[in-house]
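S.K.:
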Amino acid sequence: MSIEVQNLNVHIKDNHILKNVNVTLPEKQITCIIGPSGCGKTTLLRTLNRLIESTEGVTIEGKVLVDGQDIIHSGSEVTELRRKIGLVSQRPCPLPMSIFDNVAYGCRINKMFNKRRLLIYQVQKNLKAVGLWDEIRGRIRTPASRLSIGQQQRLCLARSLAVEPEYILADEATSALDPISAKTIEDLFVQLKEQYSIIMVTHTLRQALRIADHVVFMYLGEIIEEGSAEEVFNHPQQELTKKYLSGAFS
Amino acid sequence: MRISKSKKISEEIAKVCMCLAMLIVFGFVFSVLWTIFSKGMKAMSWDMVSKLPGGGFYIGKEGGFLNAIVGSLYIVGASTLIGLLISIPVVFFLNVYLKKGSKVAYLARLAFDVLFGVPSIVYGAFGFTIMIFFGLRTSLLGGIIVITLLIIPIFIRTMDEATRNFPRDILDASFALGATRLETLKVVLRQIAPGIATATLLSVGRAIGDAASVMFTAGYTDSIPTSLSQPAATLPLAVFFQLQSPIPEVVDRAYAAALVLTVIVLALSITGRFITNRFSKNKV
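Residue numbers (the working numbering), protein chains in the order written: chain S, -19 to 230; chain B, 1028 to 1311.
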């Protein structure tokens, strides 16, 4: 149960965004993808659940194997793939509905439960998992947009977890949050890695240092170095990685 | 010191200009309403809105213009419903199915802009040509078809504006949970509900008040149509025909018809705003 990327090249119109990317993302760990702005981190993440396909002029070459199956060219069902790979985006993005309906939305479209009692249980369970249940109990039918930004991000995480994914993609999931909310989300990821494989794009090196088990360093669309967090942070092999970690560029 | 004084003066001048512009607009609205109310109330009575034109109506005798009220509501109700059913899929296709920057979307928007600006008399003439081609007479159906054509560009452009500002992240959030584009329609509709309400109000306002397009297509009659193939009277045409009369009582009835038209539009606006507020509570 892992994600393996082989010779992946992504072009958007004339721009070669990802250049011959080869990487294996380990399961039940937190993998942090780091690198300067515009290096292709988000493109790589969006390729893993094929959201990149909604971009005009995109061409994808190479393979992305999820549980051994090539998701790019096998004609596999994209909706099933996306259910299996949850996404938490940079800015919290609640759907225009109530808190309950936000978490229930994915379960409903994937027809996961045929009894309302089970759906309610699933919503409660996931709101509890992200520590939101006690804060919002009694107003679960109010619009999600009334929650604070930090609460909204935890709601988005609960919504992703409710469809029982195997992987969670997080695209700078804490960058729009205040430090306390960011810390809450980080702690949640650390707890969740026992059940899910988490792939996280981050701009903050200190965050990667705190939570990463595995690190992928990208620069100008290429993977420069990857390995365990200990190896990459303490004994970087490549000159570029050393420079980036020392803050020579960002 | 001098600079701050000149800034203050220019600020004051701008403020006075804006207040003047506001006053002109308010004055205009008030004078329109005043004219319609003061002249329309002279002839207004319960009979006017509850009875069909009786014998001698057009020379100032008994009866009312219920035929025009019902005809207008039939045409506007049906064309709004059909317009919505056609416009929502178009807007959804432009914004969700087509990728950002799509040439098809660009051309479609250009076409709708052109249609948006076409005068209603042209729609009337076009509708008339089509009716001749199919051998149709002036009828309720003709009126509904032409008014639907007239309001579709308004629907699409207004809803499209609301949907183009739609946060792309919301679509991605829905897709990322495994939703198909069709399933995402529910999310889009909830988010653009206020936009749909605004588009409906604008369309209904245009549809109910347009005389030129229904003149050749719906025709005019003193009775209430009982089938789609019968002609239908409309309020704008009731105003138009009666205002030309040399008999003062009939001219007053024209203003009474204008008053009913205005009250219907006002009532729809207020209801629309109320509904919009209810629907936008979940908007993010």
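Where a beta carbon is used, it is the ideal one built from N, C-alpha and C, also for glycine.
Please list, in chain order, the residues of the stretch 1201 to 1212 of chain B that have any C-beta partner in chain S closer than 7 Å.
M.R.: Against chain S - using a Cβ distance shorter than 7 Å - the residues of the stretch 1201 to 1212 of chain B are SER1201, PHE1202, ALA1203, LEU1204, GLY1205, ALA1206, THR1207 and GLU1210.
S.K.: Nearest by alpha-carbon distance to B/GLU1210: which of S/LEU45, S/ASN29, S/THR22 and S/GLY86 is it?
M.R.: As a position in the second sequence, residue 1210 of chain B is number 183, starting the count at 1. The option with the nearest alpha carbon to B/GLU1210 is S/GLY86.
S.K.: Please list the partners that B/PRO1258 has in chain S, where partner means a Cβ-to-Cβ separation under 9 Å.
M.R.: Taking the first residue of the second sequence as position 1, residue 1258 of chain B is located at position 231. Residues of chain S passing the Cβ test: none, with the nearest at roughly 44 Å.
S.K.: Which of the three DSSP states, helix, strand or coil, is assigned to B/LEU1163?
M.R.: Start at 1 with the first residue of the second sequence, and residue 1163 of chain B comes out as number 136. In the structure shown, B/LEU1163 sits in coil (DSSP, three-state: anything other than H, G, I, E or B).
S.K.: Could you check the C-alpha separation between B/THR1190 and B/LEU1212 for me, to the nearest Å?
M.R.: Here residue 1190 of chain B refers to the residue found at position 163 of the second sequence. Here residue 1212 of chain B refers to the residue found at position 185 of the second sequence. Roughly 11 Å separates the two Cα atoms.
S.K.: Verify whether the separation of the beta carbon atoms of B/THR1303 and B/THR1207 is less than 8 Å.
M.R.: What you label residue 1303 of chain B is simply residue 276 of the second sequence in a count that begins at 1. What you label residue 1207 of chain B is simply residue 180 of the second sequence in a count that begins at 1. It is not a contact, given that the beta carbons lie outside the stated cut-off.
S.K.: Tell me the residue span of the beta strand (DSSP E) that contains S/LYS163.
M.R.: The count along the first sequence starts at 1 and reaches residue 163 of chain S at position 183. No beta strand (DSSP E) holds S/LYS163; the alpha helix (DSSP H) holding it covers 159 to 172.
S.K.: Using the three-state DSSP reduction, which class does B/TYR1282 fall into: helix, strand or coil?
M.R.: As a working note, residue 1282 of chain B is residue 255 in the second sequence. Residue state, collapsed to three classes: helix.
S.K.: Would you report the Cα separation of S/ALA153 and S/GLN70, rounded to the nearest angstrom?
M.R.: Here residue 153 of chain S refers to the residue found at position 173 of the first sequence. Here residue 70 of chain S refers to the residue found at position 90 of the first sequence. So the alpha carbons of these two residues sit roughly 5 Å apart.
S.K.: Quick check: the Cα distance between B/SER989 and B/LEU1050, rounded to an integer number of angstroms?
M.R.: Summary: the structure shown does not reach residue 989 of chain B, with chain B confined to residues 1028 through 1311, and so no result is reported for it.
S.K.: S/SER232 CB to nearest chain B CB: under 8 Å?
M.R.: Nothing in the structure corresponds to residue 232 of chain S, since chain S is present only between -19 and 230.
S.K.: So is B/THR1248 buried or exposed if we call it buried at 16+ other beta carbons inside 10 Å?
M.R.: As a working mapping, residue 1248 of chain B is identified with position 221 in the second sequence. Answer is buried; the Cβ neighbour count reaches 16.
S.K.: What would DSSP say about S/MET92, mapped onto helix, strand or coil?
M.R.: Residue mapping note: residue 92 of chain S aligns to position 112 of the first sequence, counting from 1. The answer is coil: DSSP assigns S/MET92 none of H, G, I, E or B.
S.K.: Skipping 5 residues on each side, what residues in its chain have a beta carbon closer than 8 Å to that of S/ASN2?
M.R.: Mapped onto the first sequence, residue 2 of chain S falls at position 22. Excluding residues within five positions, the ones whose Cβ falls inside 8 Å are VAL(-15), GLN(-14), ASN(-13), LEU(-12) and ILE203.
S.K.: Taking only beta-carbon atoms, is B/GLY1090 less than 8 Å away from chain S?
M.R.: Position 63 of the second sequence, counted from the start, is the residue given in the question as residue 1090 of chain B. So no, B/GLY1090 is outside the interface.
S.K.: Measure from the C-beta of S/TYR85 to each C-beta in chain B and report whether the shortest distance is under 8 Å.
M.R.: As a first step, residue 85 of chain S must be located in the first sequence, where it is residue number 105. Answer yes: the Cβ-Cβ gap between S/TYR85 and chain B drops below 8 Å somewhere.
S.K.: At least one CB of chain S closer than 8 Å to the CB of B/ASN1094: is that the case?
M.R.: Position 67 of the second sequence, counted from the first residue, corresponds to residue 1094 of chain B. Output row for B/ASN1094: interface = no.
S.K.: I'd like the span of the alpha helix (DSSP H) that includes S/ILE(-3), first residue to last.
M.R.: Position 17 of the first sequence, counting from 1, holds the residue named residue -3 of chain S. Segment -5 to 5 is the beta strand (DSSP E) holding S/ILE(-3); no alpha helix (DSSP H) there.
S.K.: Bridge partners of S/ASP151, per DSSP?
M.R.: Mapped onto the first sequence, residue 151 of chain S falls at position 171. DSSP output for S/ASP151 lists S/VAL181 as bridge partner(s).
S.K.: Within this structure, are the beta carbons of S/LEU107 and S/LEU137 separated by less than 8 Å?
M.R.: Here residue 107 of chain S is taken as the residue at index 127 of the first sequence, counted from 1. Here residue 137 of chain S is taken as the residue at index 157 of the first sequence, counted from 1. The answer is no: Cβ separation not under 8 Å.
S.K.: With a cut-off of 8 Å on the beta carbons, I'd call S/GLY233 and S/SER161 a contact; round off their distance for me.
M.R.: Residue 233 of chain S is absent from the structure shown; chain S starts at -19 and stops at 230.
S.K.: When the Cα of S/ASP47 is compared with those of S/PRO145, S/ASN214 and S/SER230, which residue comes out closest?
M.R.: Numbered from its first residue, the first sequence carries residue 47 of chain S at position 67. When only C-alpha atoms are compared, the closest one is S/PRO145.
S.K.: Apart from the five residues just before and just after B/GLU1183, which ones in its own chain have a Cβ nearer than 7 Å to its Cβ?
M.R.: As a first step, residue 1183 of chain B must be located in the second sequence, where it is residue number 156. Looking at the sequence provided, one finds Ile at residue 1183 of chain B rather than Glu. Same-chain partners within the cutoff: SER1114, VAL1117, VAL1118 and PHE1139.
S.K.: Quick check: the Cα distance between S/LEU45 and S/ARG97, rounded to an integer number of angstroms?
M.R.: For the purposes of this step, residue 45 of chain S is identified with residue 65 of the first sequence, where counting begins at 1. For the purposes of this step, residue 97 of chain S is identified with residue 117 of the first sequence, where counting begins at 1. Those two C-alpha atoms are separated by around 36 Å.
S.K.: Could you tell me if B/ASP1279 is buried or exposed, where buried requires 16 or more neighbouring beta carbons within 10 angstroms of its beta carbon?
M.R.: Position 252 of the second sequence, counted from the first residue, corresponds to residue 1279 of chain B. Result: buried.
S.K.: Alpha carbon to alpha carbon, how far is B/PHE1084 from B/PRO1275?
M.R.: Position 57 of the second sequence, counted from the first residue, corresponds to residue 1084 of chain B. Position 248 of the second sequence, counted from the first residue, corresponds to residue 1275 of chain B. Cα to Cα, B/PHE1084 sits roughly 12 Å from B/PRO1275.
S.K.: Taking Cβ positions only, does B/GLN1271 come closer than 8 Å to chain S?
M.R.: Taking the second sequence and counting its residues from 1, one reaches residue 1271 of chain B at position 244. No, no contact with chain S.
S.K.: Compare the C-alpha of B/LEU1270 against each of B/SER1037, B/LEU1163, B/PHE1053 and B/ILE1086 and name the closest.
M.R.: The count along the second sequence starts at 1 and reaches residue 1270 of chain B at position 243. With distances taken between Cα atoms, B/LEU1270 lies closest to B/ILE1086.
S.K.: Does the pairing of the stretch 1239 to 1248 of chain B with the stretch 1057 to 1073 of chain B give three or more beta-carbon distances under 8 Å?
M.R.: Not touching, per the Cβ criterion.
S.K.: Take S/LYS91 as the anchor and find which of B/LEU1204, B/ASN1309 and B/TYR1124 has the nearest alpha-carbon.
M.R.: On the first sequence, residue 91 of chain S is found 111 positions in, with the first residue counted as 1. Out of B/LEU1204, B/ASN1309 and B/TYR1124, B/LEU1204 has the C-alpha closest to the C-alpha of S/LYS91.
S.K.: Tell me, please, whether the CB atom of B/LYS1032 is closer than 8 Å to any CB atom in chain S?
M.R.: Against the second sequence, residue 1032 of chain B aligns to sequence position 5. Not one chain S Cβ lies under 8 Å of B/LYS1032.
S.K.: Please report the Cβ distance between S/GLN187 and S/GLU166, rounded to the nearest whole angstrom; I am assuming they are in contact, meaning their Cβ atoms lie under 8 Å.
M.R.: Here residue 187 of chain S refers to the residue found at position 207 when the first sequence is read from its first residue. Here residue 166 of chain S refers to the residue found at position 186 when the first sequence is read from its first residue. That pair is a contact at about 7 Å.
S.K.: Could you give the C-beta distance for S/ARG63 and S/VAL143, rounded to a whole number, given that I count them as a contact under 8 Å?
M.R.: To locate residue 63 of chain S, count along the first sequence from 1; it is residue 83. To locate residue 143 of chain S, count along the first sequence from 1; it is residue 163. Correct: roughly 5 Å between the Cβ atoms.
S.K.: Using DSSP with H/G/I as helix, E/B as strand and the rest coil, what is S/LYS235?
M.R.: With chain S covering -19 to 230 only, the question about residue 235 of chain S has no answer from this structure.
S.K.: Mind checking whether S/ILE(-17) and S/HIS(-9) have CB atoms under 8 Å apart?
M.R.: Residue numbering aside, residue -17 of chain S sits at position 3 when the first sequence is read from its first letter. Residue numbering aside, residue -9 of chain S sits at position 11 when the first sequence is read from its first letter. No, the Cβ-Cβ distance between S/ILE(-17) and S/HIS(-9) is not below 8 Å.
S.K.: Rounded to the nearest angstrom, what separates B/LEU1264 and B/LYS1126 at their Cα positions?
M.R.: The residue labelled residue 1264 of chain B in the question sits at position 237 within the second sequence. The residue labelled residue 1126 of chain B in the question sits at position 99 within the second sequence. Answer to the nearest angstrom: the Cα atoms are 44 Å apart.
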